[in-house]
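Colleague: Residue numbers (our numbering): 527 to 863.
Just so it is clear, CB atoms sit at the ideal spot from N, CA and C, and this is done for glycine as well.
Being a predicted model, the structure only gives us computed values, none of them experimental.
One structure, as structure tokens, below. Some questions next.
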């Protein structure tokens, strides 16, 4: 078995990179915890992947450990400074002495889209210098190591394609609305309900959204949100197709249907005015003795306004999605009976 170890990875989805990215894009003044002074040897994801693939051509009969490193030794603070220079975002950077890693995790959870468990692991790893010795690995697999600035530039370009994926139904409108400043990891809120209803019954009810039942729960809140848009001059479409089952491309009020997987998932693209890009997913799953219906919103915030909007809406989202999931299950159970 061969084990490959790396510290900071510069690439789309890397926790360290996305924390840095979100802080630079979301905050006018950066006040990161004291662990930004730790030094590392950041490596480009492209270089790391090359090592992983090439190691397949160098099998070993015993356990080996290799360390992978980039061409530069940089503190996390220096990486912030390089990132700001490459992205063109000028920010004040003032490290503050947060006393514990738990406060640091809370801090990152509020201002970045990186999942808390991932942020916790990142902070734990950055408590000390992580200076990899890649001498043995480079002797075995020579390659040109990409400089930190070039890796950042390449990653930011690659992340522009994030929304062109199955999660968004490869939807052209979603792709056109995506901005580089949007968070890579989506903020999310939702609720899951167990039910005895069949998948067919659940799917039939879910497809009624925007019709007689409107949004199944909290319709006055949905109406209030629509009125807020109209108050600032944003015209919203109304209505939905008359047919029983929705199809990709259909409009449900201001929402657009972007994913339809019968008896599995229905996804709607958020169409109201807000700082970010979002989608609402209805996911069904057969667990054998019971089924589940999950109603969940995914939100990629645009800077600090997008974060504030999400935090402001969280209580309403949790309340509404809980009610929606329960009402969908209730209606499906009634039709099953």
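(1) Under the three-state reduction of DSSP, which class applies to residue 668: helix, strand or coil?
(2) Under a three-way DSSP split, which group does residue 861 fall into?
(3) Taking the alpha carbon of residue 804 as the point to measure from, which residue in 785, 817, 743 and 824 has its own alpha carbon closest?
(4) Please classify residue 731: is it buried, with 16 or more other beta-carbons within 10 angstroms of its beta-carbon, or exposed?
(5) Going by CA-CA distance only, name the one from 809, 678, 714 and 638 that's closest to residue 841.
(6) Could you check whether the stretch 541-551 touches the stretch 654-663, counting it as contact only if at least three pairs of C-beta atoms, one from each stretch, sit closer than 8 Å?
(7) Under 8 Å by Cβ, that's how I've got residue 810 and residue 725 pegged, so tell me the actual separation to the nearest angstrom.
(8) Report the three-state DSSP secondary structure of residue 639 (helix, strand or coil).
(9) If you follow the beta strand (DSSP E) that residue 528 is part of, which residue opens it and which one closes it?
(10) Where DSSP assigns a beta bridge to residue 717, which residues make up the other side?
(11) What separation, rounded to the nearest whole angstrom, lies between the Cα atoms of residue 889 and residue 798?
(12) When the Cα atoms are used, what is the spatial distance from residue 539 to residue 681?
(13) On the three-pair Cβ rule with 8 Å, is the stretch 698-717 touching the stretch 813-822?
(14) Which class does residue 729 belong to by DSSP, given the choice of helix, strand or coil?
(15) How far does the alpha helix (DSSP H) with residue 681 in it extend, from its first residue to its last?
(16) Counting only beta-carbon atoms, is residue 715 nearer than 8 Å to chain D?
(17) So, at 6 Å on beta carbons, what are the nonlocal neighbours of residue 748 in its own chain, with the 5 sequence-adjacent residues on each side left out?
(18) Under 8 Å: do the stretch 634-646 and the stretch 592-603 share three or more Cβ pairs, one atom per stretch?
(19) So, at 6 Å on beta carbons, what are the nonlocal neighbours of residue 612 in its own chain, with the 5 sequence-adjacent residues on each side left out?
(20) Any contact of the stretch 551-571 with the stretch 595-603, i.e. 3+ C-beta pairs under 8 Å?
(21) Report buried or exposed for residue 872, applying the criterion of at least 16 other Cβ atoms within 10 angstroms of its Cβ.
(22) So the candidates are 692, 575, 733 and 585; which of them puts its Cα closest to the Cα of residue 535?
(23) Residue 847: which of 815, 857, 831 and 806 sits nearest, CA to CA?
(24) Roughly how many angstroms separate the alpha carbons of residue 686 and residue 860, rounded to a whole number?
(25) Quick one: residues in its chain with C-beta nearer than 8 Å to the C-beta of residue 827, no 5 flanking neighbours on either side, listed in chain order?
(26) Which class does residue 577 belong to by DSSP, given the choice of helix, strand or coil?
(27) Of the residues 637, 578 and 608, which one's Cα is nearest the Cα of residue 558?
(28) Please state whether DSSP places residue 584 in a helix, a strand or coil.
(29) Whole angstroms are fine: how far does the CA of residue 738 sit from the CA of residue 853?
(30) Is it true that the CB of residue 781 sits closer than 8 Å to the CB of residue 794?
Modeller: This is what the structure gives:
(1) The sequence position of residue 668 within the chain shown is 142, counting from 1. Reduced to three states, the DSSP call for residue 668 is coil.
(2) Position 335 of the chain shown, counted from the first residue, corresponds to residue 861. It is helical.
(3) Residue 804 sits at position 278 when you count from the first residue of the chain shown. Ranking the options by Cα distance to residue 804, first place goes to 824.
(4) To locate residue 731, count along the chain shown from 1; it is residue 205. Per the 10 Å Cβ criterion, buried.
(5) Position 315 of the chain shown, counting from 1, holds the residue named residue 841. Nearest C-alpha to residue 841: 714.
(6) no
(7) To locate residue 810, count along the chain shown from 1; it is residue 284. To locate residue 725, count along the chain shown from 1; it is residue 199. Right, their Cβ atoms sit about 6 Å apart.
(8) As a first step, residue 639 is located in the chain shown; it is residue number 113 there, counting from the start. Residue 639: coil per DSSP, three-state reduction.
(9) Taking the chain shown and counting its residues from 1, one reaches residue 528 at position 2. It spans 528-532 - the beta strand (DSSP E) in which residue 528 sits, taken as one unbroken run.
(10) On the chain shown, position 191 is the one that residue 717 refers to. Note: residue 717 sits in a beta bridge opposite 821.
(11) What is shown of the chain runs 527 to 863, which leaves residue 889 out entirely.
(12) Counting from 1 along the chain shown, the entry for residue 539 is found at position 13. Counting from 1 along the chain shown, the entry for residue 681 is found at position 155. Roughly 10 Å separates the two Cα atoms.
(13) yes
(14) For this step, residue 729 is matched to residue 203 along the chain shown. Helix.
(15) Position 155 of the chain shown, counting from 1, holds the residue named residue 681. Start and end: 674-685.
(16) Among the chains of the structure shown, chain D does not appear; only one protein chain is present.
(17) For the purposes of this step, residue 748 is taken as residue 222 along the chain shown, with counting starting at 1. For residue 748, where only same-chain residues beyond five positions count, the Cβ hits under 6 Å are 741.
(18) no
(19) As a working note, residue 612 is residue 86 in the chain shown. Correct list, in chain order: 675, 678 and 679.
(20) yes
(21) The first residue shown for the chain is 527 and the last is 863, placing residue 872 beyond what the model contains.
(22) As a working mapping, residue 535 is identified with position 9 in the chain shown. Comparing Cα positions, the closest option is 575.
(23) Indexing the chain shown from 1 puts residue 847 at position 321. Residue 806 is the option with its Cα nearest to residue 847.
(24) By 1-based counting over the chain shown, the position of residue 686 is 160. By 1-based counting over the chain shown, the position of residue 860 is 334. Going from the Cα of residue 686 to the Cα of residue 860 covers about 45 Å.
(25) Residue mapping note: residue 827 aligns to position 301 of the chain shown, counting from 1. The answer, listed in chain order, is 552, 639, 708, 709, 713, 801, 802, 833, 835 and 836.
(26) Here the question's residue 577 lines up with position 51 in the chain shown. Helix.
(27) Sequence index remark: in the chain shown, residue 558 carries index 32 (1-based). For the residues 637, 578 and 608, the minimum Cα distance to residue 558 belongs to 637.
(28) Start at 1 with the first residue of the chain shown, and residue 584 comes out as number 58. It is coil, neither helix nor strand.
(29) As a working mapping, residue 853 is identified with position 327 in the chain shown. As a working mapping, residue 738 is identified with position 212 in the chain shown. For residue 853 and residue 738, the distance between alpha carbons rounds to 13 Å.
(30) Taking the chain shown and counting its residues from 1, the one referred to as residue 794 is at position 268. Taking the chain shown and counting its residues from 1, the one referred to as residue 781 is at position 255. Yes; because the gap between Cβ atoms is below 8 Å, this pair is in contact.
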